[in-house]
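Participant: For the record, the sequence lines run as chains A and B.
Residues 3 to 228 (this note's numbering) make up the first sequence, in order.
Residues 3 to 228 (this note's numbering) make up the second sequence, in order.
Okay, here's the structure, questions in a sec.
There are 2 protein chains.
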Amino acid sequence: MPRPAPAQYLPLYLVTDTALCAPRAVADVVAAAVAAGVTCVQVRDKHAGGRDLVSLVAAVARAAEGRVPVLVDDRVDVYLAARELGARVDGVHVGQSDLPAGAVRRIVGVDAVVGLSAATPGQVAAAHALPAGTVDYLGIGAVHATATKPDHPAPLGVEGFATLAAGADLPCVAIGGITTADAAALRAAGAAGMAVVSAICAAADPAASTRDLAEAWRAPTGRRSR
Amino acid sequence: MPRPAPAQYLPLYLVTDTALCAPRAVADVVAAAVAAGVTCVQVRDKHAGGRDLVSLVAAVARAAEGRVPVLVDDRVDVYLAARELGARVDGVHVGQSDLPAGAVRRIVGVDAVVGLSAATPGQVAAAHALPAGTVDYLGIGAVHATATKPDHPAPLGVEGFATLAAGADLPCVAIGGITTADAAALRAAGAAGMAVVSAICAAADPAASTRDLAEAWRAPTGRRSR
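Okay, here's the thing in structure tokens:
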């Protein structure tokens with residue numbers, strides 16, 4: 003099966019955070035968010051061992067029911083193992099300190115989604131220098147400072163995102179402390195979508211927050227506040 | 003190429019520890035240890051990101067020069083990426099919290115070495131319940147308490163190792179604070195080899211320590227002290 007089109011899955015991209023979801027199960031938050039309009043789910047848990055991560059990915063894939071792509075952060079082996087065990091997972095997302103994107107593409111094959119994080123003009127240029135088809139999209143951030151990824155570089159701001167996205171040939175999803183208030187400016191900056199962690203995982207009502215975010219993305223008429 | 007025989011590579015099995023090797027490069031310690039008689043090298047670094055780990059594995063593989071198998075701890079994707087990048091690596095070693103061994107074997111194929119850690123009769127029994135050929139050997143420990151793996155279970159002692167090894171159909175390598183003084187008792191207990199971390203990585207002279215360990219394993223006439 004050919005891999006899905008970034009324009010379809012980038013608009014409202016959920017990155018899971020196990021601690022922020024707690025005491026709710028990640029899969030339960032994902033189920034609510036998918037039903038309410040997220041277009042992609044990336045499973046991220048930097049603290050879980052491989053075995054637990056395979057189980058988490060499988061649970062998220064069941065929750066997503068094939069309605070949106072499910073990606074695995076960093077651990078290409080977890081993606082492969084989850085597929086071996088029958089889970090429907092669609093690809094991986096790697097950062098600059100993870101496996102090199104070229105090796106990742108050769109390992110996962112042409113049918114998997116491969117996303118790559120970039121935070122500087124040099125990293126965007128390096129992504130462009132890869133063979134065509136290596137990477138499907140860029141995750142660009144952090145737009146705002148955020149506690150969910152303490153190792154992120156200095157925040158770019160929407161303006162910094164716009165500069166990087168303007169120089170990118172690949173579709174770009176914005177990440178890092180994104181809220182409904184950013185939707186209009188990010189669309190104007192050329193973003194293919196918004197990636198969120200806290201805005202859904204830490205929400206009292208993840209479905210309601212998802213609907214707000216999806217609505218803000220669809221109808222970005224000026225700045226909104228929640 | 004068929005995978006190597008455990009009896010060949012288990013006798014003196016080095017597990018690398020980047021911090022204990024410092025300020026020496028891991029690859030330099032490995033080069034000295036391989037020249038002095040280690041029979042296998044497992045690259046373990048729980049703190050490195052995927053990209054750095056691929057580089058480390060490639061450097062160790064160059065240092066080993068194909069003279070002994072090089073295995074990757076935990077990260078099956080790092081094994082695959084290192085091979086994609088041309089490194090000579092021979093397999094992986096997984097623990098009980100890593101990817102399930104059955105999935106690992108399907109991912110790496112029949113030519114790769116797959117080792118599995120076990121610390122209880124239940125874990126040994128579970129390894130036996132896997133399809134034949136899934137796992138090549140068991141790493142059993144910790145024999146003694148050790149600071150290099152703070153998450154290890156309560157130490158087994160040589161007697162506990164002997165009990166587990168006696169119930170195992172697979173070749174067993176002992177790990178956990180092993181020194182030359184353990185060689186005779188471990189051979190008597192049925193060990194196929196000794197796996198060491200500190201005894202080589204933290205040694206002032208890794209080559210001399212390797213020779214001592216190899217000699218103790220070959221001629222285990224009573225208890226020795228260093």
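C-beta atoms are modelled at their ideal positions from N, C-alpha and C, and glycine is treated no differently.
Taking 8 Å as the threshold (C-beta atoms), are A:P157 and A:A144 in contact?
Facilitator: yes
Participant: Is it true that the CB of B:V43 sits closer than 8 Å to the CB of B:V56?
Facilitator: no
Participant: Starting from A:S119 and walking both ways along the alpha helix (DSSP H), at which residues does that stretch end?
Facilitator: Run containing A:S119: none in the alpha helix (DSSP H); it sits in the beta strand (DSSP E), 115 to 120.
Participant: Out of curiosity, what's the CA-to-CA distance linking A:A65 and A:D30?
Facilitator: 7 Å
Participant: Give the list of continuous beta strand (DSSP E) stretches no shorter than 3 residues that lie fully inside the stretch 45 to 113 of chain B.
Facilitator: 72 to 75, 93 to 96
Participant: Closer than 7 Å by beta-carbon distance: list the chain D residues that pair up with B:A147, in chain order.
Facilitator: In the structure shown, chain D does not exist; the protein chains are A and B.
Participant: In this structure, does DSSP put B:A176 in helix, strand or coil?
Facilitator: strand
Participant: Can you tell me whether DSSP reads A:V137 as helix, strand or coil?
Facilitator: coil
Participant: So that I know if they touch, is there some Cβ in chain A lying closer than 8 Å to that of B:R77?
Facilitator: Closer than 8 Å to some Cβ of chain A, the Cβ of B:R77 qualifies, so yes.
Participant: Answer yes or no: does any C-beta atom of chain B fall closer than 8 Å to that of A:V74?
Facilitator: When Cβ-Cβ separations below 8 Å define contact, A:V74 makes no contact with chain B.
Participant: Could you check the C-alpha separation between A:G159 and A:T181 for me, to the nearest Å?
Facilitator: 13 Å
Participant: So with Cβ pairs under 8 Å, would you call B:L101 a contact of chain A?
Facilitator: yes
Participant: Is any beta-carbon of chain B found at less than 8 Å from that of A:G93?
Facilitator: Not a single CB atom of chain B sits nearer than 8 Å to the CB of A:G93.
Participant: Assign A:G195 to one of three DSSP states: helix, strand, or coil.
Facilitator: strand
Participant: Work out the CA separation of B:R108 and B:G142 for me, nearest whole Å.
Facilitator: Checking the sequence shown, residue 142 of chain B turns out to be Ile, not Gly. Their Cα atoms are separated by approximately 23 Å.
Participant: Starting from A:L14, trace the beta strand (DSSP E) in both directions and tell me its first and last residue.
Facilitator: 14 to 17
Participant: Look at A:V91 and A:V72 and say whether their C-beta atoms are less than 8 Å apart.
Facilitator: yes
Participant: When you compare each of B:G97, B:T136, B:A147 to B:Q125 by their alpha carbons, which one comes out closest?
Facilitator: B:G97
Participant: Taking only the alpha-carbon atoms, compute the straight-line gap between B:R228 and A:L58 and give it to the nearest angstrom.
Facilitator: The pLDDT assigned to B:R228 is 40, lower than 50, so where the model puts this residue is not dependable; a value taken from the coordinates is nonetheless given after this. Going from the Cα of B:R228 to the Cα of A:L58 covers about 47 Å.
Participant: Listed from N- to C-terminal order along the chain, which residues in the stretch 49 to 73 of chain B have their beta-carbon within a distance smaller than 8 Å of any beta-carbon of chain A?
Facilitator: G51, G52, R53, D54, V56
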